[in-house]
Amino acid sequence: METLARIEVTALSLWFRESGLAFFGSLTLHSLAMALVVGINLAIAFRLLGIVPSFALKPLMRFYQIHWIAVILIFLSGLALLLAYPAKALTNPVFYAKFAMLSVGLIIASKLQNLIRTRSENELNSKTVKLVALTSIVVWVGTITTGRFLAYTNSVLLASRFF
Amino acid sequence: MIELLSSFSKFTGIYAFMNSPWGWPTAESIHFLGLSLLIGCVGVFDLRMLGVGRGINYLQMHKLVKIGVFGYCLNLTTGIMFLTTAPDQYLFNPAFQTKLLFMLIAGLNMFWFYASYSGQVKATEATTSVAEPAKIIAMLSLLCWMAVIICGRLITYFRPPYHWCWFC
Numbered sequence: 000m001e002t003l004a005r006i007e008v009t010a011l012s013l014w015f016r017e018s019g020l021a022f023f024g025s026l027t028l029h030s031l032a033m034a035l036v037v038g039i040n041l042a043i044a045f046r047l048l049g050i051v052p053s054f055a056l057k058p059l060m061r062f063y064q065i066h067w068i069a070v071i072l073i074f075l076s077g078l079a080l081l082l083a084y085p086a087k088a089l090t091n092p093v094f095y096a097k098f099a100m101l102s103v104g105l106i107i108a109s110k111l112q113n114l115i116r117t118r119s120e121n122e123l124n125s126k127t128v129k130l131v132a133l134t135s136i137v138v139w140v141g142t143i144t145t146g147r148f149l150a151y152t153n154s155v156l157l158a159s160r161f162f
Numbered sequence: 000m001i002e003l004l005s006s007f008s009k010f011t012g013i014y015a016f017m018n019s020p021w022g023w024p025t026a027e028s029i030h031f032l033g034l035s036l037l038i039g040c041v042g043v044f045d046l047r048m049l050g051v052g053r054g055i056n057y058l059q060m061h062k063l064v065k066i067g068v069f070g071y072c073l074n075l076t077t078g079i080m081f082l083t084t085a086p087d088q089y090l091f092n093p094a095f096q097t098k099l100l101f102m103l104i105a106g107l108n109m110f111w112f113y114a115s116y117s118g119q120v121k122a123t124e125a126t127t128s129v130a131e132p133a134k135i136i137a138m139l140s141l142l143c144w145m146a147v148i149i150c151g152r153l154i155t156y157f158r159p160p161y162h163w164c165w166f167c
């Protein structure tokens with residue numbers, strides 16, 4: 000807690016917390032990038048599950064480029080939000096649940112990207128791929144849910160008030 | 000107006016649900032899921048019209064839009080739940096008013112697409128670019144939904160600014 004309090008009084012943390020534009024910008028960027036990442040993953044999962052009619056999968060690789068740029072933005076904006084209120088997130092178990100879900104989601108995304116790149120359209124029609132796609136949907140819904148609940152479940156806002 | 004919305008919320012049970020311990024964050028989670036479906040399906044189709052994913056058939060990919068519409072319905076339902084539960088937090092909030100404006104522009108843009116270029120786009124070869132006006136529609140759609148997300152964040156970040164909002 001003392002370390003978190005020390006982080007909170009750094010110039011960068013104060014700037015992210017007290018500059019309206021920096022905090023709002025990070026929050027908005029986080030939402031935009033998250034919607035894009037979750038959206039692209041859901042669209043690909045629906046295609047792999049056969050919920051939408053088949054369209055060529057290989058050209059989807061271009062969407063993965065946008066996806067990974069958005070992932071970088073998620074981490075940068077997430078880091079900014081974490082720096083602004085480190086105790087709020089790091090003392091909340093829901094934060095770790097979100098982080099774990101996000102990590103699993105990205106591992107699955109990477110796995111699916113690799114499968115789309117290396118396998119034929121027929122091979123991608125297997126039950127295993129469908130199961131991975133379904134898991135991807137569940138994990139992304141979990142990431143969104145934990146992300147939203149994060150704002151309502153914190154017990155500590157600032158660690159510096161304890162010192 | 001506020002009384003009418005509040006009465007609707009109380010009569011339908013929305014108010015009780017939203018004021019339960021996990022009601023509001025649950026509705027927010029569904030709202031964001033709807034938004035992701037919208038961005039993931041309508042947004043991805045917009046990107047396709049802008050030239051991303053060359054080789055993907057337009058007609059086949061357009062089928063994703065149906066899921067995007069489902070996402071929009073989730074947004075609309077949960078949006079009504081937020082609005083009727085705390086109407087004073089929304090009706091007088093310029094961020095909410097601006098969000099509605101962008102939703103209206105997105106709707107008119109969609110109408111423009113289906114009234115003029117939809118058939119042409121669906122018939123376009125997968126390796127060919129769509130017509131320039133269709134690209135403008137796609138860009139406008141993406142910008143509108145991004146603006147909707149930004150305004151959505153502003154709603155909760157800035158509480159009703161009675162002191163400066165001249166058009167409230």
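Chains A and B are the protein sequences, given in the same order. Each residue of the first sequence is one higher than the one before, starting from 0 at the first, in numbering that gives the first Met the number 0. Each residue of the second sequence is one higher than the one before, starting from 0 at the first, in numbering that gives the first Met the number 0. From the three backbone atoms N, C-alpha and C, an ideal C-beta is built for every residue, glycine too. Note that the coordinates shown come from a computational prediction; the quantities given were computed from them, not determined experimentally.
Can you round the beta-carbon distance between residue i and residue j to whole angstroms, since I take them to be within the 8 Å contact cut?
{"i": "A132 of chain A", "j": "L47 of chain A", "result": "4 Å"}
{"i": "S30 of chain A", "j": "I148 of chain B", "result": "6 Å"}
{"i": "M0 of chain B", "j": "L75 of chain B", "result": "At roughly 19 Å, the Cβ-Cβ gap does not stay under 8 Å, so M0 of chain B and L75 of chain B are not in contact."}
{"i": "L171 of chain A", "j": "I50 of chain A", "result": "In the structure displayed, chain A extends from 0 to 162; residue 171 of chain A sits before or after that span and is not available."}
{"i": "F148 of chain A", "j": "V93 of chain A", "result": "5 Å"}
{"i": "A108 of chain A", "j": "A69 of chain A", "result": "Their Cβ separation, rounded to whole angstroms, is 11 Å, which puts A108 of chain A and A69 of chain A out of contact at 8 Å."}
{"i": "S35 of chain B", "j": "A34 of chain A", "result": "5 Å"}
{"i": "M60 of chain A", "j": "R116 of chain A", "result": "6 Å"}
{"i": "L73 of chain B", "j": "N108 of chain B", "result": "So it is not a contact: roughly 21 Å between Cβ atoms."}
{"i": "F54 of chain A", "j": "M60 of chain B", "result": "5 Å"}
Along the chain, where does the alpha helix (DSSP H) containing residue i start, and where does it finish?
{"i": "V36 of chain A", "result": "G19 to L48"}
{"i": "G70 of chain B", "result": "L63 to T84"}
{"i": "I71 of chain A", "result": "M60 to A83"}
{"i": "F44 of chain B", "result": "V43 to M48"}
{"i": "C143 of chain B", "result": "E131 to Y156"}
{"i": "I143 of chain A", "result": "K126 to L149"}
{"i": "M17 of chain B", "result": "I13 to M17"}
{"i": "N108 of chain B", "result": "P93 to W111"}
{"i": "V103 of chain A", "result": "P92 to T117"}
{"i": "K57 of chain A", "result": "Note, K57 of chain A: premise wrong, no alpha helix (DSSP H); not H, not E."}
{"i": "L34 of chain B", "result": "G22 to L37"}
{"i": "T2 of chain A", "result": "E1 to E7"}
{"i": "V120 of chain B", "result": "S117 to K121"}
Please go through the same chain and pick out, in chain order, the residues whose beta-carbon is closer than 7 Å to the beta-carbon of residue i, but skip the five residues on each side of it.
{"i": "C40 of chain B", "result": "L63, V64, I66, G67 and G70"}
{"i": "L4 of chain B", "result": "L82, T83 and P86"}
{"i": "T126 of chain B", "result": "R53 and G54"}
{"i": "L141 of chain B", "result": "G42 and D45"}
{"i": "W139 of chain A", "result": "V37, N40, L41 and G104"}
{"i": "A15 of chain B", "result": "none"}
{"i": "E163 of chain A", "result": "The structure shown does not extend to residue 163 of chain A, since chain A is modelled only from 0 through 162, so no value can be given for it."}
{"i": "S8 of chain B", "result": "Y14, T83 and T84"}
Whose C-beta lies closer than 6 Å to the C-beta of residue i among residues of the same chain, with five residues either side of it excluded?
{"i": "Y57 of chain B", "result": "V120, K121 and T123"}
{"i": "T77 of chain B", "result": "A26, I29 and H30"}
{"i": "T9 of chain A", "result": "none"}
{"i": "F10 of chain B", "result": "none"}
{"i": "W163 of chain B", "result": "Caution applies to W163 of chain B, whose pLDDT of 49 falls short of 50 and renders its modelled position unreliable; the value that the coordinates give is listed next. Counting only Cβ-Cβ distances below 6 Å, and skipping sequence neighbours, we find nothing."}
{"i": "K87 of chain A", "result": "N153 and L156"}
{"i": "L80 of chain A", "result": "S25"}
What in chain B is Cβ-close to residue i, meaning under 7 Å?
{"i": "P58 of chain A", "result": "G52, R53, G54 and I55"}
{"i": "V140 of chain A", "result": "L32"}
{"i": "I143 of chain A", "result": "S28, F31, L32 and S35"}
{"i": "L105 of chain A", "result": "Result: empty, since nearest Cβ-Cβ is about 15 Å, beyond 7 Å."}
{"i": "A86 of chain A", "result": "Within 7 Å Cβ-Cβ: nothing; A86 of chain A doesn't reach chain B, min ~20 Å."}
Below 9 Å on C-beta distance, what does residue i contact in chain A?
{"i": "Y156 of chain B", "result": "G19, F22, F23, L26 and T27"}
{"i": "M109 of chain B", "result": "Within 9 Å Cβ-Cβ: nothing; M109 of chain B doesn't reach chain A, min ~17 Å."}
{"i": "C40 of chain B", "result": "G38, L41, A42, F45 and V51"}
{"i": "I148 of chain B", "result": "T27, S30, L31 and A34"}
{"i": "I66 of chain B", "result": "L41, A42, F45, I50 and V51"}
{"i": "Q59 of chain B", "result": "V51, P52, S53, F54 and A55"}
Chain A partners of residue i, CB-CB under 8 Å?
{"i": "V43 of chain B", "result": "G38, I39, A42 and F62"}
{"i": "M145 of chain B", "result": "L31"}
Counting only Cβ pairs nearer than 7 Å, list the residues of chain A close to residue i.
{"i": "K62 of chain B", "result": "V51 and P52"}
Taking 8 Å as the limit between beta carbons, can you name the residues of its chain near residue i, skipping five residues before and five after?
{"i": "C172 of chain B", "result": "The question about residue 172 of chain B has no answer here: the residues shown for chain B are numbered 0 through 167."}
{"i": "G12 of chain B", "result": "none"}
{"i": "W14 of chain A", "result": "A21"}
Could you name the residues of chain B that residue i contacts, counting a contact when the two beta carbons are closer than 9 Å?
{"i": "F148 of chain A", "result": "W21, P24, T25, E27 and S28"}
Who are the neighbours of residue i on chain B, taking C-beta pairs under 8 Å?
{"i": "Y95 of chain A", "result": "Near Y95 of chain A there are no residues of chain B at all, since even the closest Cβ is about 17 Å away, more than 8 Å."}
Short of 8 Å Cβ to Cβ, which residues in the region 121–141 of chain B face chain A? A125
Using a Cβ-Cβ cutoff of 7 Å, what residues of the region 24–38 of chain B are near chain A? List them in chain order. P24, E27, S28, F31, L32, L34, S35, L36 and I38
Against chain A, which members of the region 77–93 of chain B pass a CB distance test of less than 9 Å? none
Give the residues from the region 62–83 of chain A that approach chain B closer than 8 Å (Cβ to any Cβ), ordered along the chain. F62 and I65
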